[in-house]
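Take 65 as the starting number for the sequence shown in our numbering and just add one per residue. Think of the CB as a built atom: it goes at the ideal place given N, C-alpha and C, for glycine as much as any other residue. Here's the structure we're looking at; comments come further down.
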Amino acid sequence: MKLLAWLYRLFLALLVLACVAGLSWTITSWAESASPQPAPAPPRTIPNTDVNPYGANFFLDREVEAWKRDRTVRMAREAGIVWAKQEFSWEEIEKRKNHYDWDKSDQIVATFERYGLQIIARLDRPPAWAHKDQSIAQAPPDNLDDYGDFVDAFVRRYRGRIHYIQIWNEPNIYPEWGNRPVDPAGYAALLQIAYTRAKNADPNIHVLSAPLAITLGESWDPNAPGSNQWRHMNDLDYLAAMYKAGAKDYFDILSANAFGLRSSPDEPPDPSKLNFERVVLDHQVMEQNGDTNKAVWVNEYGWNASPPDMDPSKLLWGRVTEQQQADYTVRGIEEARAKWPWIGVFNIWYFRQVGDYSPDDSTYYFRMVDVDFTPRLVYQKVKEVAAPPVIAQPGVYQETDAAVQLGGPTPDQLDSWQPRLDSHDSAGSELVTRKPGDRATIQFWGDGFEFVMRRGPNEGRAWVTVDGHTVPNLPHDVNGNSYIDLSAPNDEWQVHVPVAKDLARGQHRVELVVGQTGEVALDGFNVSADGTHEFPWIIVAGLGAATGGASLLLAASVARARRRRVKG
């Protein structure tokens with residue numbers, strides 16, 4: 065009998081606790097949903113700016129052993145790095161005219177694909193047969209069309225796998241333009257040929273201009289002051305000369321270098337100084353030439369953490385502590401993204417090298433990971449901020465936003481999502497696939513969600529769930545799955561497709577899965593937190609009454625037990 069009484073009181077106590085927890089959760093949820101809507105995230109409407117910003121430079125072409133290439137890329141992905149700046153050397157691929165050896169580059173591309181990193185392919189270093197003057201290997205080819213042929217072959221080879229190519233590297237300094245003065249008009253001509261051939265091979269390829277080395281300039285002939293011939297040409301002047309030579313229409317994204325050298329990330333830009341914010345001056349040149357609807361991507365970025373006892377004459381990049389290197393790297397990206405709507409990807413210089421740089425070379429101390437795979441502080445700091453999943457806050461987003469996670473039908477299958485450039489789309493592009501089972505998953509915080517998509521005669525159907533459940537306000541198929549039907553007689557762009565509203569304000573997960581027929585084109589998504597919710601009087605009253613009733617019964621049972629003990 066005593067055991068039954070004890071179990072009865074335990075049940076009542078648990079019931080009281082459950083009711084109190086339910087009351088607390090109900091009132092807290094209502095208070096959160098009734099709170100003022102947070103300020104929406106500013107939309108990033110310039111193409112190629114609403115992206116995950118974390119990238120790095122890699123040297124897989126110099127790594128002989130496959131397991132080292134694999135471990136390098138795996139460590140990068142574990143740190144949240146999703147962009148891989150990688151050189152593909154023309155001289156290694158086309159040793160003889162029209163004879164291509166793709167084995168090495170195929171292996172590199174497959175390694176990055178295995179871990180989901182997008183490649184930015186740097187295309188330069190011509191083969192010996194491409195120029196008569198053999199004194200400088202980096203010199204551009206005698207016939208620029210030879211380079212155009214190589215770009216065409218490369219883009220066709222990796223169409224659908226590589227979506228970003230960089231045309232040449234640092235042509236404003238010796239020896240990147242050969243044994244001669246640098247030539248902005250000459251580079252503009254090379255860029256025009258490469259851009260035209262690349263777009264003919266794949267209209268959806270993104271072409272990046274060559275990044276310019278940050279420099280205040282050095283004359284070709286030191287004994288001829290005032291000469292217009294330069295060994296190293298001021299990067300701002302070179303960029304202005306590129307525009308004057310007609311380069312504006314022949315790149316989609318401007319590449320820039322942004323080294324912090326001896327300064328913090330927030331030292332203001334100054335034409336007479338080399339620092340991180342010099343990239344702002346690059347963008348001012350773009351503005352002066354009416355080129356404001358293009359992104360700037362940072363090709364090489366970072367601070368050097370050489371040891372304090374290194375010979376000062378070797379500190380070409382300045383020096384900061386390892387802790388400053390780590391802090392500045394993350395802070396620079398975060399502050400730039402908050403201030404500059406035109407900034408996109410930051411490719412940290414560099415992830416890991418293969419032993420080319422020795423410890424007595426200051427370049428050695430840019431690394432995120434040592435040759436033996438020991439992670440440095442900068443790796444750990446980047447991993448802290450870049451590895452966790454991105455939760456989209458209320459706002460307007462492009463399909464390339466970091467919150468969008470793309471996947472294939474199963475975790476071990478690659479997806480077939482492809483970018484398609486179209487001026488009708490928001491920010492000029494969309495992601496498309498026809499592969500059944502391909503999915504796009506987005507985590508968001510708010511109480512409402514809608515996709516921005518294309519409708520048309522070639523579009524199909526996609527299933528949608530929110531928090532793993534079917535969506536009540538969407539149509540359902542015979543199996544009870546909620547879906548959106550994107551078919552229409554004519555093409556319609558930037559169509560807002562409501563998915564959910566009046567959710568409990570908080571974190572949610574929406575998943576779109578491609579159906580069996582037709583194409584699905586994703587152009588963005590919107591998150592809202594503006595729903596109004598009445599105070600849940602009935603639920604609160606019911607839980608309150610249950611709490612009170614259970615408490616009275618518990619108190620009465622305890623009192624009876626005490627009286628029995630007194631009598632006994």
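- If I'm right that Val-362 touches Asn-287 with Cβ under 8 Å, what's the distance once you round it to whole angstroms? The Cβ separation is near 36 Å, so there is no contact.
- Task: Given a cut-off of 8 Å, decide if Arg-525 and Gly-582 are closer than it, judged by their beta-carbon atoms.
- Result: yes
- Put Pro-111 into one of helix, strand or coil per three-state DSSP. coil
- Item | Beta-carbon proximity list for Ala-311, same chain, < 6 Å, skipping 5 on both sides | Ala-252 and Leu-255
- Query: Can you find at least 3 beta carbon pairs, one from the stretch 459 to 479 and one from the stretch 546 to 557, that sit closer than 8 Å?
  - Reply: no
- Task: Could you pull out every unbroken beta strand (DSSP E) segment of at least 3 residues lying fully inside the stretch 220 to 296, listed in chain order?
- Result: 228 to 231, 270 to 272 and 294 to 296
- Item | Buried versus exposed call for Lys-378 [16 or more other C-beta atoms within 10 Å across all chains shown] | exposed
- With a CB to CB cut of under 8 Å and the five nearest residues on each side skipped, what residues in its chain are close to Pro-106? Pro-405 and Gly-459
- Message: Can you tell me where the beta strand (DSSP E) holding Glu-556 begins and where it ends?
- Response: 556 to 564
- Task: Within 10 angstroms of the Cβ of Leu-303, are there 16 or more other Cβ atoms? Answer buried if so, exposed if not.
- Result: buried
- Query: Which two residues bound the contiguous alpha helix (DSSP H) that contains Ser-169?
  - Reply: 167 to 178
- Per DSSP, Pro-483 forms a beta bridge with which residues? Leu-495
- Query: Smallest Cα separation from Trp-154: which of Arg-518, Ala-194 and Asn-236?
  - Reply: Ala-194
- Give the straight-line distance between the Cα atoms of Glu-341 and Thr-464, rounded to the nearest whole angstrom. 25 Å
- Message: Between Pro-329 and Arg-395, how many whole angstroms is the CB-CB distance? I'm expecting something under 8 Å.
- Response: 5 Å
- Return helix, strand or coil for Val-418, following the three-state DSSP convention. coil
- Given a cut-off of 8 Å, decide if Asn-121 and Tyr-414 are closer than it, judged by their beta-carbon atoms. yes
- DSSP on Pro-190, reduced to helix/strand/coil? coil
- Message: For a quick check, are the C-beta atoms of Val-563 and Glu-514 less than 8 Å apart?
- Response: yes
- Ignore the nearest five residues each way along the sequence and tell me which others in Gly-382's own chain have a CB closer than 7 Å to its CB. Leu-325, Arg-326 and Asn-368
- Can you have a look at Glu-398 and say buried or exposed, based on whether 16 or more other CB atoms are within 10 angstroms of its CB? exposed
- Message: Measuring alpha carbon to alpha carbon, tell me which residue in Met-297, Asn-353 and Tyr-428 is nearest Glu-386.
- Response: Tyr-428
- Message: For Leu-45, list the residues DSSP reports as bridge partners.
- Response: Missing from the structure shown is residue 45; the chain here goes from 65 to 632 and no further.
- So, is Trp-131 buried or exposed, given that buried needs 16 or more other C-beta atoms within 10 angstroms? exposed
- Message: Starting from Ile-397, trace the alpha helix (DSSP H) in both directions and tell me its first and last residue.
- Response: 386 to 403
- Query: Do Val-219 and Ile-157 have their CB atoms nearer than 8 Å?
  - Reply: no
- Query: For Ser-336, which residues of its own chain have a beta-carbon under 8 Å away from its beta-carbon, when the five flanking residues on both sides are left out?
  - Reply: Leu-280
- Query: If we ignore side chains and look at the alpha-carbon of each, how far apart do Asp-313 and Asp-566 end up?
  - Reply: 46 Å
- Glu-523: buried (16+ other C-beta within 10 angstroms of its C-beta) or exposed? buried
- Contact check, Asp-216 vs Ala-265, beta carbons under 8 Å: yes
- Item | Asp-299, DSSP secondary structure in three states | helix
- Query: So, are the CB atoms of Asp-587 and Asp-489 less than 8 Å apart?
  - Reply: yes
- Message: Quick check on DSSP: helix, strand or coil for Ile-157?
- Response: helix
- Item | Own chain partners of Gly-31 with C-beta closer than 6 Å, once the 5 adjacent residues on each side are dropped | The first residue shown for the chain is 65 and the last is 632, placing residue 31 beyond what the model contains.
- From Ala-359 to Leu-338, what distance separates their C-alpha atoms? 21 Å
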